[in-house]
Structures are given as C-alpha cells and as structure tokens.
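Novice: With our numbering, the residue at position 28 of the sequence shown is 76, and numbering never jumps. Got a structure for you, written out below as structure tokens; questions coming shortly.
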Amino acid sequence: NLAIDSISVDAIEGDEVALGALSYNEKAFLNPEEELSFTVLSKGTCEATIKVTSEGSSLYENHVSLIRGVNAFSLALPTENAKTTTYEVSIENPSTGDSFSENNRRSFTQEVSSEFKVLFLGNSRNELTNFKNLYDPTFTPEIKSYLNDTANIPTSLEELLSYDEFVFSDFN
C-alpha cells in the first residue's frame with residue numbers, strides 16, 4: 049500500500065486540509081511532561097476543528113483558523129499512568145470542499161513505562177545530594193545509591209536491566 053499525504057495548493061476550488069508530520073516520543077516515563085507536535089496543511093484560509101482522542105475519550109478539541117500552507121500545533125500528552133496508549137489526531141473541515149478526508153486522521157501509540165530509575169555509585173552523601181539537585185523538582189527519578197559500598201553493588205545483568213541510567217561519581 050502506498051499513501052501520499054499531499055494537497056494541491058494551486059487548485060482553485062475547495063478547502064482541502066491534511067494532517068502533516070506528527071512528532072512525539074514513542075516511549076516516555078511516568079510524570080514528566082510529554083509533548084505532541086503536529087502540522088496541518090491547508091490549501092487556503094479556513095476554519096477547522098482539531099481533535100485528539102484516546103480510548104474513546106476526548107483529550108483535546110479546539111476550533112482553529114488555518115492559514116494557507118503549514119500550520120503548527122503542540123499540546124501536552126498525559127503521563128500519569130504506566131501503560132501503552134493509542135491516540136488519534138484528526139482535523140475536521142466543515143466545508144464541503146475537502147475532497148480527500150483520508151488524510152485528515154492519524155494514529156500513534158505511546159508507551160509510558162514505570163518511573164525513571166537511576167543507579168548512583170559514589171563516595172559521599174554530598175555527591176549524591178548535588179546529583180539529586182540537578183533534576184527539575186517536577187521530575188524526580190527513583191535513585192538507588194551505593195556510597196563506598198562495593199560489596200553490595202548490583203552486578204548481574206538481571207539486576208542492572210532494571211535501571212535506566214547509571215551515574216559514577218568519583219567512583220573506583
């Protein structure tokens with residue numbers, strides 16, 4: 049199957065619109081803000097309704113005025129629950145001039161996984177405190193620290209796979 053997302057901006061009749069590029073992270077972590085950015089292509093100036101739905105419920109609906117060419121939009125995606133979610137972005141043009149409505153709808157999936165986990169290996173509590181202060185207060189990962197504790201550091205692949213990031217701070 050071949051799908052072409054294009055509109056004729058040179059045609060004289062109709063108010064053709066189409067969803068363009070979608071930009072989002074396929075994988076995200078609990079709670080930090082995630083963003084969906086997308087473009088809407090329009091043959092001319094017209095009114096339209098942009099909708100974002102998920103699992104049958106509306107997350108976003110806005111009536112917009114489109115200009116001829118590329119129109120850019122962005123909005124926040126929820127990350128409060130660890131799950132895989134399918135979203136649908138659609139543009140509805142109330143005009144009867146939109147002759148190819150198949151390009152007015154796009155779906156995508158985002159996986160929100162458990163909390164971001166960090167393994168911190170260091171020598172002092174002061175190093176750990178300074179490291180924790182690097183994070184934005186709205187996003188605090190789960191940090192497991194080992195300070196001068198080489199005997200208990202996780203070493204098996206199974207143990208290490210549970211972490212998303214490893215930090216070595218002046219550690220031998």
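Ideal Cβ positions, reconstructed from N, Cα and C, are used throughout, including at glycine.
Specify the secondary structure class of T177 as computed by DSSP and reduced to three states.
Specialist: Residue state, collapsed to three classes: helix.
Novice: Can the beta-carbon of N152 be found less than 8 Å from the beta-carbon of S138?
Specialist: A contact, by the Cβ cut-off of 8 Å.
Novice: Straight-line CA distance for S106 to N181?
Specialist: Rounded to whole angstroms, S106 to N181 spans 37 Å at the Cα level.
Novice: Beta carbon of L114, beta carbon of A96: below 8 Å?
Specialist: Yes, the Cβ-Cβ distance between L114 and A96 is below 8 Å.
Novice: Who pairs with S217 in a beta bridge, going by DSSP?
Specialist: Beta-bridge pairing links S217 to no other residue.
Novice: Around the C-beta of G68, are 16 or more other C-beta atoms found within 10 angstroms, so that it is buried, or is it exposed?
Specialist: G68 comes out buried.
Novice: Which residue's Cα is closest to the Cα of F168: N178, T127, S161?
Specialist: Answer by Cα proximity: N178.
Novice: Buried or exposed, going by whether 16 or more other CB atoms sit within 10 Å of the CB of I98?
Specialist: Answer is buried; the Cβ neighbour count reaches 16.
Novice: So N79 packs on Q158, CB below 8 Å; how close in whole Å?
Specialist: Contact flag wrong, Cβ pair sits at about 14 Å.
Novice: Give me, in chain order, the residues of the same chain whose beta-carbon lies closer than 7 Å to that of Y183; leave out the 5 immediate sequence neighbours on both sides.
Specialist: The residues are P189.
Novice: Taking the beta strand (DSSP E) that E140 falls in, what are its first and last residues?
Specialist: Taken as a continuous stretch (DSSP letters only), the beta strand (DSSP E) holding E140 covers 131 to 140.
Novice: In the DSSP assignment, what residue or residues form a beta bridge with I83?
Specialist: The sequence given here places Glu at residue 83; Ile does not occur at that position. Bridge partners of E83: A124.
Novice: So G170 and S217 are supposed to be a Cβ contact under 8 Å. How far apart are they, rounded?
Specialist: Going by Cβ atoms, the distance from G170 to S217 rounds to 4 Å, so yes, they are a contact pair.
Novice: State the CB to CB distance for the pair T134 and S102, rounded to an integer number of angstroms; the pair is presumed to be in contact (CB under 8 Å).
Specialist: Contact holds; Cβ gap of about 7 Å.
Novice: Does A199 pass the burial test, meaning 16 or more other C-beta atoms within 10 Å, or should it be called exposed?
Specialist: With fewer than 16 Cβ atoms within 10 Å of its Cβ, A199 is classed as exposed.
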